[in-house]
């Protein structure tokens, strides 16, 4: 194969992908920062340079601060609970019981739905009057809940349906990680008299660490981008209780046509997420990637 | 002997409890989708009954029929056709473009190969929502706002595709290609006649993930189109349910139209998808 180390062949194979990559992946990162330094109305032809004024304005903006906090609240619910559920499902699938394939398909099916389907279906499930969830709550003698229209329950409801939507995805990743743990190690621990709980804590979890870190990092990145659920179901309400950062960016950029300000909001979110991602790498060392 | 027997009894009781737990989990995970389908098959008067019935009695297709026949304001057929066209085009083009790049990364030697590959991997960390505004402006400048080009092209530079296929190409023994090279084959014919056929499992996995991702995409088609006849299903059905907020039979039928094709495709290719996750190199 040595005779081919001529750059021209490689160029032919690379040009289609990298022209797209340059225009739609690299350029937007740079251009987005450029936009964020301008007062940029969607309709006006001449954006004016304002330096970091958009960033300063965002840091003083009460709604942006609320959006950051509400997004953080959402991430804090979805990431730990969602990952615990994914891991639980993966561990149960890894026991080799009968019907495992069918269970795997059942747990994965929600992942296949579009966020608009998730929103439409859960609005019906959580409907205060006719919703089936409240029906079963009443059947159990509990009071029905105004899931999406109460400021206290709106964000937990969004988190609930997001966990349902996403659990199957990480489950498959955890399952692949579990399958890579050598059986001999678990058997050796069993012979040494370790209980199932001890084996899980001292063998499975340490060996699964890279997978766990991968899933946590990806979940934080994905859930901090939450948009469709709040856009469709609540529009950020009631009383801004479900206003998330990307939703706020959308409202500023495409609702009020303040593209410069919207871009700055997006970049600030990216900076925050990046800091948390690096923190996760620090706290949970990634040994074998 | 006795000890072994009692142990296996303990294990079987454990297995029964585990089975029950797993079944309960499956019921909970499936319930929302089942309730969507059940509601969509109910007559209008049965939808809002005080006691919920999981099995529609009698089942009716009238919601689906009126969904497709109320085509004046809501061209559902058109949305379906748009979704099929956009997702198929994206899938085909992603396979074409990323497999070429992945082949170069796996097999051809050129300056800066490792460095360029790291750049592709690094950009995968940048969330697509954060750059929504700059991508929108770039596509608008290209004159692709409200067009199929705008819906399809920006999603083609898939870093995941390049990564997945490169990893797979590296596992193909190089001897096949060397033999063809001795016979005087060019890189292009080796790529298309030897590597691509051998990489069918990886290509199929990437195809399924890409198709599902494109079919379900929400934020991008929401902002890049505004003509009702250019909407894809996820956007279309959201607009639809905004009009018919209280007619749950109809809106569940709309959600069903967006979901059923994907579930069928998934069940057909189910094994490929679950194997594909293991193949992406997420082995830790």
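Chains as they are written, first to last, in our numbering: chain A, 152 to 440; chain B, -4 to 279.
Note that CB positions come from ideal geometry on N, CA and C, so glycine has one too.
As the structure is a prediction and not an experimental result, all values here were calculated from the model.
(1) State the CB to CB distance for the pair residue 25 of chain B and residue 260 of chain A, rounded to an integer number of angstroms; the pair is presumed to be in contact (CB under 8 Å).
(2) Looking at C-beta atoms only, is the number of pairs between the region 106 to 118 of chain B and the region 370 to 390 of chain A that lie closer than 8 Å three or more?
(3) Determine the direct distance from the alpha carbon of residue 99 of chain B to that of residue 434 of chain A, and round the result to whole angstroms.
(4) List, in order along the chain, the chain A residues whose C-beta lies closer than 8 Å to that of residue 30 of chain B?
(5) Look at the alpha carbon of residue 22 of chain B and the alpha carbon of residue 293 of chain A, and state the distance between them as a whole number of angstroms.
(6) What is the DSSP secondary structure of residue 236 of chain B, counted as helix, strand or coil?
(7) Enumerated in chain order, which unbroken segments of the alpha helix (DSSP H) with a length of 4 residues or greater are wholly contained in the region 265 to 290 of chain A?
(8) Among A:178, A:428 and A:359, whose alpha-carbon lies nearest the alpha-carbon of residue 296 of chain B?
(9) Quick one: which unbroken alpha helix (DSSP H) runs of 4-plus residues sit fully inside the region 198 to 229 of chain A? Chain order, please.
(10) Residue 244 of chain A and residue 255 of chain A: beta carbons closer than 9 Å?
(11) Please state whether DSSP places residue 136 of chain B in a helix, a strand or coil.
(12) Please list the residues of the region 96 to 119 of chain B that have a C-beta atom closer than 9 Å to any C-beta atom in chain A, keeping them in chain order.
(13) Using DSSP with H/G/I as helix, E/B as strand and the rest coil, what is residue 430 of chain A?
(14) Ordered along the chain, which non-local residues of its own chain (more than five positions away) have a Cβ less than 7 Å from that of residue 191 of chain A?
(15) Residues in the same chain with beta-carbon distance under 7 Å from residue 241 of chain A, minus the five sequence neighbours each way, listed in chain order, please.
(16) In chain A, what lies closer than 9 Å to residue 283 of chain B by C-beta?
(17) Under the rule that 16 or more other beta-carbon atoms within 10 Å means buried, what is residue 344 of chain A, buried or exposed?
(18) Count the other C-beta atoms from every protein chain shown that fall within 10 angstroms of the C-beta of residue 356 of chain A, then say buried if there are 16 or more, exposed otherwise.
(19) Quick test of the definition: if touching needs 3 or more C-beta pairs under 8 Å, does the region 208 to 221 of chain A touch the region 144 to 156 of chain B?
(20) Since residue 255 of chain A sits in a beta bridge, which residues does DSSP pair it with?
(21) Can you name, in chain order, every residue of its own chain whose Cβ lies under 8 Å from the Cβ of residue 119 of chain B, other than the five neighbours on each side?
(22) What I want to know is whether the C-beta of residue 155 of chain B ends up closer than 8 Å to one or more non-hydrogen atoms of the ligand ATP.
(23) Span of the alpha helix (DSSP H) holding residue 184 of chain A?
(24) Alpha carbons only, please: which of A:397, A:391, A:414 and A:430 is nearest the one belonging to residue 213 of chain A?
(25) Could you tell me which of A:369, A:175, A:382 and A:373 sits nearest to residue 353 of chain B, measuring between CA atoms?
(26) Kindly indicate which three-state DSSP category residue 192 of chain A falls into: helix, strand or coil?
(27) Where do the ends of the alpha helix (DSSP H) carrying residue 207 of chain B lie?
(28) Can you tell me which of the three DSSP states residue 409 of chain A falls into?
(29) Between which two residues does the alpha helix (DSSP H) carrying residue 310 of chain A extend?
(30) When we look at the beta-carbon of residue 367 of chain A and count the other beta-carbons within 10 Å, is it buried (16 or more) or exposed?
(31) Name the residues in the region 346 to 362 of chain A whose C-beta lies less than 7 Å from a C-beta of chain B; which are they?
(32) Return the CA-CA distance between residue 251 of chain B and residue 32 of chain B, expressed in angstroms with no decimal places.
(33) Can you list, in chain order, the residues of the region 218 to 252 of chain B whose Cβ is nearer than 8 Å to any Cβ on chain A?
(34) Using a Cβ-Cβ cut-off of 9 Å, state whether residue 201 of chain A counts as contacting chain B.
(35) Taking only runs of the alpha helix (DSSP H) that begin and end inside the region 28 to 69 of chain B, which ones reach a length of at least 4 residues, in chain order?
(36) Residues in the same chain with beta-carbon distance under 6 Å from residue 175 of chain B, minus the five sequence neighbours each way, listed in chain order, please.
Checking against the coordinates, here is how it stands:
(1) 7 Å
(2) no
(3) 37 Å
(4) 272, 275, 276 and 283
(5) 22 Å
(6) helix
(7) 266 to 276 and 283 to 290
(8) Outside the displayed span of chain B (-4 to 279) sits residue 296 of chain B, for which this structure offers no information.
(9) 204 to 211
(10) yes
(11) helix
(12) 96, 97, 98, 99, 100, 102, 103, 104, 105, 106, 108, 111, 114, 115 and 118
(13) helix
(14) 198, 410 and 411
(15) 322, 325, 326 and 329
(16) Lying outside -4 to 279, the shown extent of chain B, residue 283 of chain B is not represented and no answer is given.
(17) exposed
(18) exposed
(19) no
(20) Paired residues: none, contrary to the question.
(21) 154, 155 and 158
(22) Looking for the ligand ATP in the displayed structure turns up nothing, as the structure carries no ligands at all.
(23) 178 to 187
(24) A:391
(25) What is shown of chain B runs -4 to 279, which leaves residue 353 of chain B out entirely.
(26) strand
(27) 195 to 211
(28) strand
(29) 305 to 330
(30) buried
(31) 361 and 362
(32) 6 Å
(33) 218, 228, 229, 230, 232, 233, 236, 243, 246, 247, 249 and 250
(34) no
(35) 39 to 42 and 57 to 64
(36) 185 and 189
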